[in-house]
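Protein sequence lines correspond, in order, to chains L and P.
Note that this note's numbering has the first sequence beginning at 972, numbered continuously upward.
Note that this note's numbering has the second sequence beginning at 9, numbered continuously upward.
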Amino acid sequence: MIEAKEIAFAYRNSRKVLADISFTLGGGSFLALLGNNGAGKSTLLKCLNHILEPDQGVISVCGQDVKSLKRRKIAQTMAFVAQQNDVGQMTVFDTVLMGRKPYITINPSQEDLDITQNVIDRMELSDFALRYVDELSGGELQKVVIARALAQQPRVLLLDEPTSSLDLYNQHEVMRIAGEIAREDHILVIVVIHDINLALRYCDRFLFVKDGTVFAYGDSSVIRDETISAVYGVNATVREIDGNKIVFVDSLPTKPDMKQTWPQE
Amino acid sequence: MGEKTAMLHRGTGAYAGYIRKKVLLIIILAVVMLFIALISIASGSSELGLGEVVAALMGKGGQQTRMIVFNIRLPRVVTAVVAGIGLAAVGCVLQSILKNPLASASTLGVSQGAAFGAAFSIIVLGTGTQSQTLDGITISNPYLISVCAFAGSILSTMVILGLSRIKRVTPESMVLTGVALSSLFSGGTALLQYFADDVKVSAVVFWTYGNLGATSWREILIMSLVVMLALIYFSLNRWNYNALQSGESTAKGLGVNVESIQIVNMVVCAVTASTIVSYIGIINFIGLIAPHLVRRLIGSDYRYLLPASALMGAILLLLSDTVSRLIAAPIILPIGAITSFLGAPLFLYLIFKGVKRR
Chain L
972 MIEAKEIAFA
982 YRNSRKVLAD
992 ISFTLGGGSF
1002 LALLGNNGAG
1012 KSTLLKCLNH
1022 ILEPDQGVIS
1032 VCGQDVKSLK
1042 RRKIAQTMAF
1052 VAQQNDVGQM
1062 TVFDTVLMGR
1072 KPYITINPSQ
1082 EDLDITQNVI
1092 DRMELSDFAL
1102 RYVDELSGGE
1112 LQKVVIARAL
1122 AQQPRVLLLD
1132 EPTSSLDLYN
1142 QHEVMRIAGE
1152 IAREDHILVI
1162 VVIHDINLAL
1172 RYCDRFLFVK
1182 DGTVFAYGDS
1192 SVIRDETISA
1202 VYGVNATVRE
1212 IDGNKIVFVD
1222 SLPTKPDMKQ
1232 TWPQE
Chain P
9 MGEKTAMLHR
19 GTGAYAGYIR
29 KKVLLIIILA
39 VVMLFIALIS
49 IASGSSELGL
59 GEVVAALMGK
69 GGQQTRMIVF
79 NIRLPRVVTA
89 VVAGIGLAAV
99 GCVLQSILKN
109 PLASASTLGV
119 SQGAAFGAAF
129 SIIVLGTGTQ
139 SQTLDGITIS
149 NPYLISVCAF
159 AGSILSTMVI
169 LGLSRIKRVT
179 PESMVLTGVA
189 LSSLFSGGTA
199 LLQYFADDVK
209 VSAVVFWTYG
219 NLGATSWREI
229 LIMSLVVMLA
239 LIYFSLNRWN
249 YNALQSGEST
259 AKGLGVNVES
269 IQIVNMVVCA
279 VTASTIVSYI
289 GIINFIGLIA
299 PHLVRRLIGS
309 DYRYLLPASA
319 LMGAILLLLS
329 DTVSRLIAAP
339 IILPIGAITS
349 FLGAPLFLYL
359 IFKGVKRR
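1) Quick one: grab the DSSP three-state call for L:MET972.
2) Since P:ILE93 contacts P:ALA322 with CB under 8 Å, what's their CB separation in whole angstroms?
3) Can you pull the chain L neighbours of P:SER119, defined as C-beta to C-beta under 9 Å?
4) Please compile the residues from chain L whose C-beta is within a distance smaller than 9 Å of the C-beta of P:LYS29.
5) Which residues share a DSSP beta bridge with L:LYS1216?
6) Cβ of P:GLY186 within 9 Å of Cβ of P:LEU116?
7) Can you check whether the C-beta of L:LEU1107 is within less than 9 Å of a C-beta belonging to chain P?
8) In chain order, which alpha helix (DSSP H) runs of at least 4 residues are fully inside the stretch 1055 to 1120 of chain L?
9) Any beta-carbon of chain P closer than 9 Å to the one on L:PHE1064?
10) Rounded to whole angstroms, what is the Cα-Cα separation between P:ASN108 and P:LEU102?
11) For L:ALA1050, which residues in chain P fall below 8 Å Cβ to Cβ?
12) Suppose contacts are defined by Cβ-Cβ distances below 9 Å. Is L:ALA1201 in contact with L:VAL1218 by that definition?
13) Could you name the residues of chain L that P:THR283 contacts, counting a contact when the two beta carbons are closer than 7 Å?
14) Compare the C-beta of P:GLY144 with all C-beta atoms of chain L and state if any pair is closer than 9 Å.
15) By how many angstroms is the C-alpha of L:GLU1197 removed from the C-alpha of L:LYS1216?
16) Does the beta carbon of L:LEU1015 fall short of 8 Å from some heavy atom of the ligand COA?
17) Would a check of beta-carbon distances place P:VAL275 closer than 9 Å to chain L?
18) If distances are taken between C-alpha atoms only, which option among L:VAL988, L:TYR1188, L:ASN1168, L:PHE1051 comes closest to L:ARG1176?
19) Looking only at C-alpha atoms, which of P:VAL118, P:LEU313, P:GLU55, P:GLN71 sits nearest to P:SER191?
20) Would P:ALA122 and P:ALA298 be called neighbours here (beta carbons separated by less than 9 Å)?
21) So, with DSSP's three-state summary, where would you put L:GLU1024?
22) One question on the structure: do L:ALA1120 and L:LEU1128 come within less than 9 Å of each other, judged by their Cβ atoms?
23) Alpha carbon to alpha carbon, how far is P:ALA188 from P:MET231? Give it in angstroms, no decimals.
24) So does the stretch 207 to 225 of chain P actually touch the stretch 1026 to 1037 of chain L, counting three or more Cβ pairs closer than 8 Å?
25) Taking C-beta to C-beta, are P:SER48 and P:ALA88 nearer than 9 Å?
26) Based on Cα-Cα distance, which residue from P:MET41, P:GLY99, P:ILE131, P:LEU314 lies nearest to P:TYR202?
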């Protein structure tokens, strides 16, 4: 489904954010991108979708080099949900309909409207489909922007910290929906997330980014005490309770390398 | 019919009803614009009835009435409609591509660039000999002034675009560059005026006031053509403007070529605004106010916001022109001053109340 080979990227007049990232992932997986602040997780997500052009390396989606695809075609294959969601004064329906933009030439077809309505129904947004998005709560808004991404009918869904500003209920709700999308639609979902326990509960693959490279990648077995300590600079214990792994932070003996504060786009 | 299909039809049916309301609002704005245009044609030193105006427009009625309508009032009203539509559409588009609710043609330095070009033409090239007419002051060579004003206003945009070729320029830095260039052009105009004689200075001041009554049918045709082509281009990009409202990354994720859309739109906006300003002088605030007024009624979906803003721009400029002609008749007040008078309170309102729809 997606293959990243030796991806490197540096912002203009800055050090390398990504030095050498390689991984392969198939459809139906739910991958958590983990690492400390400034590790390059969001940058990697943007490189995958070609929102940022990597300085070197190749990204292939469904066997096609992303670099060779037109932006419209990329948008038909991959959907991106940004960390900050500026929304205009538009209704929920119109916002979700915008996900059909890569398919619309002049006016939306009946098929575009039907797909939009289907996504709205699936995300349980029907009750406020004609409400303006700037009147919604943070959790509702997050569902709307994920719905917009789903209306793109992507093979890969990229979520940049979708839970960062949500309350506990909505954090779980968003992750549950993302996991459901991965399983039921056989879509590859990649999420940038800071809460490892939330990731452990819903994701099936984990990729730790450190110093611009892949530090650890695999299933939940990669989440170990030493991995957490090395990546985040904290003493942590990973315990298994009722068959579920849970990370406990014991102490903060080492300070994370604060020099790694890369500039964001 | 299954329950799911029925739900689907209910949902899209409700949406269709909601869209009909927006279209109805646009139709109402068009009717209001036509009505104000008729009132504007009827208003003036020789008062005409609406029936007389309609008859004259249909080629009936007296010779004198037809002469007043076709030679004096109609060119002025059509100029106001075309310029209002053009300036408001440009403002509406710039607010999206620059992601700045206070963007308008002036943001790119178009107005100040045009004023500098006009001042250069009047003072340096000597087109500023003025003569008194019944209508106020006219300038001896308006064509050369228009050419210079166009060159001045387009120069500002070219500088911004040139900088964006050297360095990746963000919408914020484009706005700031426009502000800096505006200041530069204002300084240049002030220097030219400082070394000019009284006649030329008053000619420059008169030009910068704006004048809807000096355009010929040929000039109106050129303006209309430019505005129409710009509207076609803008309307083809309406989905891009919608996407850009959600931020650059999201817009790219939705398939928008953000950089090229920003640059091409800036060129189209600059050419449109420059053409209008070069013929009628500086008209401030129409491009800023019109989109904000209708945004509160219709939301920020550019499929409807764009035509509604354009119509609102025409309505505001027609109203401003009618007020400027009637409020101190027989003296015609400068149109630029009237539009600024309308715009300044709204500007303050935006600062203190924000731009959110209620």
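Here a beta-carbon is modelled for each residue, glycine too, at the ideal position from N, C-alpha and C.
Because the structure is a prediction, the values reported are computed rather than measured.
Let me lay it out:
1) Three-state result, L:MET972: coil.
2) Right, their Cβ atoms sit about 5 Å apart.
3) What P:SER119 touches in chain L: nothing, since even the nearest Cβ is about 27 Å away.
4) Result: empty, since nearest Cβ-Cβ is about 10 Å, beyond 9 Å.
5) L:LYS1216 is bridged to L:GLU1211.
6) Yes, they are a contact pair.
7) With respect to chain P, the C-beta atom of L:LEU1107 has no partner C-beta closer than 9 Å.
8) Listed in chain order, they are 1063 to 1068, 1081 to 1093.
9) Yes, L:PHE1064 lies at the interface with chain P (some Cβ there is under 9 Å from its Cβ).
10) Going by the C-alpha atoms only, they are around 8 Å apart.
11) Neighbours of L:ALA1050 on chain P, chain order: GLY261.
12) No.
13) The contacting residues do not exist; P:THR283 stays about 26 Å from chain L at best.
14) Confidence in P:GLY144 is poor, its pLDDT being 46 and thus under 50, which makes the residue's placement too unreliable to answer from.
15) In a straight line, the C-alpha of L:LYS1216 is about 15 Å away from that of L:GLU1197.
16) Annotation note on the ligand COA: not contained in the displayed structure, which lists no ligands.
17) No, P:VAL275 does not count as interfacial toward chain L.
18) Restricting attention to L:VAL988, L:TYR1188, L:ASN1168, L:PHE1051, the CA atom closest to the CA of L:ARG1176 is found in L:TYR1188.
19) Selection P:VAL118, P:LEU313, P:GLU55, P:GLN71 evaluated against P:SER191 yields P:VAL118 as nearest (Cα-Cα).
20) Against a cut-off of 9 Å, the Cβ pair of P:ALA298 and P:ALA122 comes out as no contact.
21) Three-state DSSP puts L:GLU1024 in coil, outside helix and strand.
22) Cβ atoms of L:ALA1120 and L:LEU1128: closer than 9 Å.
23) If I take the Cα positions, the gap works out to 28 Å.
24) Look at the beta carbons and you see the stretch 207 to 225 of chain P not touching the stretch 1026 to 1037 of chain L: under three pairs across the two are nearer than 8 Å.
25) Contact check for P:SER48 against P:ALA88 passes: the beta carbons are separated by less than 9 Å.
26) Per the Cα distances, P:ILE131.
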